[in-house]
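The structure under discussion appears below in the form of structure tokens.
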Amino acid sequence: MKPYSPVHIISENSKCGCSINLPIRGHCRPTKNCAACCYAKSGYTRLPASMRKQIYVSRYLASKDISRLKEECRAKSAVRISGTGDLLMSHVKNLVQLAKDLPMVQFWGMTRKLEIANAVNKKVPNLRILLSVDGTSPSRVWNYQGPMCWGPRIATDQVKDDPRIKTVFPYHFVGRVVKGMPRHAKDCKAVWHEISGCLSCGRCWSWS
Ligand code: SF4
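For the sequence shown, this note's numbering gives the first residue as 14, with consecutive numbering after it.
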């Protein structure tokens with residue numbers, strides 16, 4: 014039987030445009046709030062076909078030849094990394110090379126892992142990762158001096174007034190912010206359905 018291979022390695026979605034989706038299992042290191050609110054635990058990304066593809070993509074991103082992914086990314090202006098799941102250290106080498114090879118494509122995303130943020134940021138100008146934190150993150154995350162995002166923001170959270178935090182993600186479920194959520198000045202406007210999506214925004218990768 015022919016080994017499984019998806020039609021496309023990158024996935025399309027209405028908010029980010031396109032993303033490289035990875036598995037949760039064996040990849041994420043969630044905080045308490047992240048585990049409780051995770052958007053990738055339900056819906057389309059939990060379908061068996063999506064999960065199969067996520068496992069494939071993770072192995073592929075750590076493999077010797079990522080030429081197919083490179084060709085798919087070449088046609089894009091921005092590619093979200095870890096649209097679901099999280100990166101592994103075994104992905105970093107290929108990711109940095111991918112960004113180097115395609116300087117006209119913006120690669121961006123989030124990670125919960127300090128070691129990934131440290132390994133990826135400041136290597137290539139068009140590869141930018143936010144360290145994702147929330148009200149239940151371990152205190153050591155605040156030693157990180159690079160850019161961050163806060164999410165999920167639950168209604169009782171007091172988000173630190175910290176210039177490292179570029180974007181805040183209010184807790185949302187199946188595409189809607191949960192009831193009773195107050196606004197925060199740094200909230201992602203796409204989550205509130207005030208803009209069409211990341212390609213018309215760019216805040217998560219436009220930091221200096
Ligand atoms: S702040 Fe902008 S770039 Fe970041 S996730 Fe929201 S829409 Fe996308």
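Glycine included, C-beta positions come from ideal geometry on N, C-alpha and C.
Beta-carbon proximity check, residue i vs residue j, cutoff 8 Å
i	j	result
Cys29	Lys89	no
Met123	Ser145	yes
Val70	Val105	no
Asn46	Ile167	yes
Val109	Lys136	yes
Gly210	Ser63	no
Lys77	Pro19	no
Asp147	Trp163	yes
Ile230	Glu85	Because the chain is modelled from 14 through 221, residue 230 falls outside the range shown and cannot be assessed.
Arg13	Arg196	Since the first residue of the chain shown is 14 and the last is 221, residue 13 is not available in this structure.
Beta-carbon proximity list for residue i, same chain, < 8 Å, skipping 5 on both sides
i	result
Lys202	Ile208, Cys214
Residues of its chain near residue i, where Cβ-Cβ distance is below 7 Å and the 5 sequence neighbours each way are ignored
i	result
Trp205	Val190
Ser103	Ala75
Arg216	Lys179, Thr180
Tyr157	Leu127, Ala130, Leu144
Asp114	Lys83
Lys192	none
Pro154	Note on residue identity: the sequence assigns Val, not Pro, to residue 154. Correct list, in chain order: Leu127, Leu144, Val146.
Asp200	Val181, Pro183
Whole-Å CB distance - residue i paired with residue j, under 8 Å assumed
i	j	result
Val118	Ala75	Not a contact, Cβ separation roughly 20 Å.
Pro165	Arg177	That belief does not hold up - the Cβ atoms of Pro165 and Arg177 are roughly 18 Å apart, past 8 Å.
Ile94	Ile142	7 Å
Val172	Val181	6 Å
His21	Asp99	At roughly 21 Å, the Cβ-Cβ gap does not stay under 8 Å, so His21 and Asp99 are not in contact.
Thr97	Leu35	6 Å
Thr44	Thr149	4 Å
First through last residue of the alpha helix (DSSP H) which encompasses residue i
i	result
Glu207	Here Glu207 belongs to no alpha helix (DSSP H), and DSSP marks it neither H nor E.
Val109	102 to 114
Arg87	80 to 87
Cys47	45 to 50
Gln67	61 to 74
Cys37	The question names Cys, yet the displayed sequence has Ile at residue 37. Ile37 -> no alpha helix (DSSP H), and no H or E assigned at all.
Sequence-distant residues of the same chain with beta carbon closer than 6 Å to residue i, five excluded per side
i	result
Asp50	A small fix is needed here, since residue 50 is Cys in this sequence, not Asp. Excluding sequence neighbours, Cys50 sits near Pro165, Tyr184.
Trp220	Pro160, Lys179
Ile79	Asn107
Met194	Ala168, Pro183
Pro61	none
Glu25	Cys31
Ala198	none
Limits of the beta strand (DSSP E) - the one that residue i falls within
i	result
Ala91	91 to 94
Asn156	Element bounds for Asn156: n/a, residue is neither H nor E.
Arg141	140 to 146
Ile178	178 to 183
Asn26	24 to 26
Residue-chain proximity (residue i, chain D), Cβ-Cβ < 8 Å
i	result
Thr124	In the displayed structure, chain D is absent; only one protein chain is listed.
Give every residue whose Cβ lies closer than 5 Å to any heavy atom of the ligand SF4, listed in chain order. Thr180, Cys201, Ala203, Cys211, Cys214, Arg216, Cys217
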